[in-house]
Amino acid sequence: MPPAKPSAAPGPPRAGGRVTLRDVARTLGVSVATVSNAYNRPDQLSEDLRQRVLQAARDLGYQGPDPLARSLRRGRTGVLGVVYDAPLDYAFADPAAALFLGSVTRAVQHHDLNVLLLASPYAPGAHADPTGPVRSASVDGFIVYCAADGSALLRAVLERGLPTVLVDQEPQAGAVNVGIDDAGGAQAAAAHLLALGHRQLGVVCLELSEQRFSGPVSPAREAQATYRTTDQRLRGYRAAAAHHPDATLYPTEAAHNTPDSGEALTRDLLTRHPQVTAVLCMSDVLAQGALRAAAALGRRVPQDLSVVGFDDLPGSETLDLTTVWQPTTDKGEQVGQAMLNLLAGQPAAPVTLPTRLVVRGTTAPPAP
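Number 46 in my numbering belongs to position 42 of the sequence shown; there are no gaps in the numbering.
Here it is, written out as structure tokens:
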């Protein structure tokens, strides 16, 4: 390529003010388009010319094209919004969420995309609008990792009309679903305990609805569940129990997916219903708390109490925890690929990934 022709006499930038792309061009004696190409279309310049432009820009203190202006010209921000219906610190504290977010990021980071976590400002007694971050976010698309069915947060996402991937959610028009077989995994877990001879089963549930609650679950509250994951896992447990007329489930709900919640709820459950011989937990995090509660109450695991988790997190094998494995990393990769397809104007098919029961040392037949 022949060298660019000067469009103006070389000279220093104007005194004062922010250095602009035009100042760099004037200093080098090249066109504004040449300087722009050094940043946006480097294949249009020889490497020597591009390096001279970039060096001159550095010498002058030019910071490069304005990111907002560039995104407006391109019609893209290069950012994906991940919607998480929980406080920001909770998103990082949940190991399953951290694994998922990491795998999504790895799937898109080589396509000049970044991830913006849009967490709910929920706090007891707070009046903040949970849809605010979604409505104001400058993003190219949304990944909804956790939102209640029919919630204002989910409606706000869908109203934006951007490429959207729903994770473990009920299907919605205009969005692509990626999820796991929650009901099948839960049914396998309960069937395992029932096959061992357990009939009095405690269930430590994740949140059922946006109206957070902690404690025993009434039939009315169970019927009004709006979080798909919780609803499907409860349905799976009940489907397995339906084959045993003498089986009884005692569900209790955690307002937060933490070991402390799992411990407190399991202690209360076993105090209320000492006949319970096994506990189904909807996450490995809650199961960690259930194991602590059993130890505090002098209930040996698995001789006096069997415990089953869900997720098969790193570390669950060390605990020898029987649990339901879900492909968290693969789920994140599938979500990332679905979003890349949507951004490229290509179709993306819904995906349901398998789960499987992993039997370890926290389950055994009930004591005679």
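Every residue, glycine too, gets a C-beta built ideally from N, C-alpha and C.
These figures come from a predicted structure and were not determined experimentally.
Note down, in chain order, each residue of its chain lying with its Cβ closer than 8 angstroms to the Cβ of residue i, except the 5 sequence neighbours on either side.
i, result
"residue 310", "197, 200, 202, 281, 282, 283, 326, 366, 367, 368 and 370"
"residue 65", "23"
"residue 81", "75, 142, 143 and 144"
"residue 14", "Bear in mind that the predicted position of residue 14 carries a pLDDT of just 46, short of 50, making it too unreliable to give a figure here."
"residue 248", "198 and 203"
"residue 154", "230"
"residue 6", "No answer about residue 6 holds up, because its pLDDT of 45 lies below 50 and its placement is not dependable."
"residue 92", "121 and 123"
Comparing C-alpha positions only, which one of the options sits nearest to residue i?
i, options, result
"residue 122", "103, 112, 64 and 90", "90"
"residue 138", "86, 101, 266 and 305", "86"
"residue 261", "277, 209 and 225", "209"
"residue 61", "167, 226 and 31", "31"
"residue 25", "67, 47, 164 and 52", "67"
"residue 150", "299, 239 and 94", "94"
"residue 63", "185, 27, 158 and 227", "27"
"residue 303", "279, 315 and 314", "279"
"residue 364", "328, 342, 372 and 332", "328"
"residue 107", "225, 268 and 332", "332"
"residue 233", "268, 272 and 175", "175"
"residue 343", "59, 50 and 115", "115"
"residue 239", "185, 277, 272 and 249", "185"
"residue 221", "248, 34, 272 and 98", "272"
"residue 88", "59, 109, 124 and 58", "124"
Kindly list the residues whose CB is nearer than 6 angstroms to the CB of residue i, restricted to its own chain and excluding five residues on each side of it in sequence; keep chain order.
i, result
"residue 156", "135"
"residue 129", "With a pLDDT of 47 at residue 129, under the threshold of 50, the modelled position of that residue is not reliable, and no figure is offered here."
"residue 48", "41"
"residue 11", "At residue 11 the pLDDT is 40, less than 50, meaning the model places this residue with poor confidence; the figure from the coordinates comes in the next sentence. 35."
One question on the structure: do residue i and residue j come within less than 8 angstroms of each other, judged by their Cβ atoms?
i, j, result
"residue 340", "residue 187", "no"
"residue 297", "residue 322", "no"
"residue 361", "residue 243", "no"
"residue 83", "residue 143", "yes"
"residue 256", "residue 219", "yes"
"residue 259", "residue 251", "no"
"residue 289", "residue 253", "no"
"residue 330", "residue 355", "no"
"residue 168", "residue 177", "no"
"residue 285", "residue 312", "yes"
"residue 141", "residue 117", "no"
"residue 170", "residue 181", "yes"
"residue 336", "residue 104", "yes"
"residue 194", "residue 205", "yes"
"residue 334", "residue 357", "yes"
"residue 228", "residue 213", "yes"
"residue 36", "residue 42", "no"
"residue 266", "residue 299", "no"
Just to check my reading of the structure: residue i and residue j have Cβ atoms closer than 8 angstroms, yes? What is that Cβ distance to the nearest angstrom?
i, j, result
"residue 173", "residue 148", "6 angstroms"
"residue 211", "residue 231", "6 angstroms"
"residue 359", "residue 189", "3 angstroms"
"residue 317", "residue 152", "No, residue 317 and residue 152 are not in contact; Cβ-Cβ is about 24 angstroms, not under 8 angstroms."
"residue 301", "residue 274", "6 angstroms"
"residue 346", "residue 352", "5 angstroms"
"residue 54", "residue 46", "6 angstroms"
"residue 264", "residue 287", "At roughly 13 angstroms, the Cβ-Cβ gap does not stay under 8 angstroms, so residue 264 and residue 287 are not in contact."
"residue 146", "residue 159", "No, residue 146 and residue 159 are not in contact; Cβ-Cβ is about 12 angstroms, not under 8 angstroms."
For residue i, write down the residues that DSSP places opposite it in a beta bridge.
i, result
"residue 88", "123 and 150"
"residue 360", "329"
"residue 252", "204"
"residue 257", "209 and 219"
"residue 315", "329"
"residue 355", "182"
"residue 118", "83"
"residue 168", "146"
"residue 287", "DSSP, once it has assigned bridges, lists no residue as partnering residue 287."
"residue 282", "205 and 310"
Near residue i, what residues of its chain come up, given a Cβ to Cβ distance below 7 angstroms and the 5 sequence neighbours on each side ignored?
i, result
"residue 216", "259"
"residue 96", "102"
"residue 320", "288, 313 and 327"
"residue 308", "371"
"residue 58", "42"
Kindly indicate if chain B contains any beta-carbon less than 8 angstroms away from that of residue i.
i, result
"residue 259", "The chain labelled as chain B is not found in the depicted structure, where only one protein chain is given."
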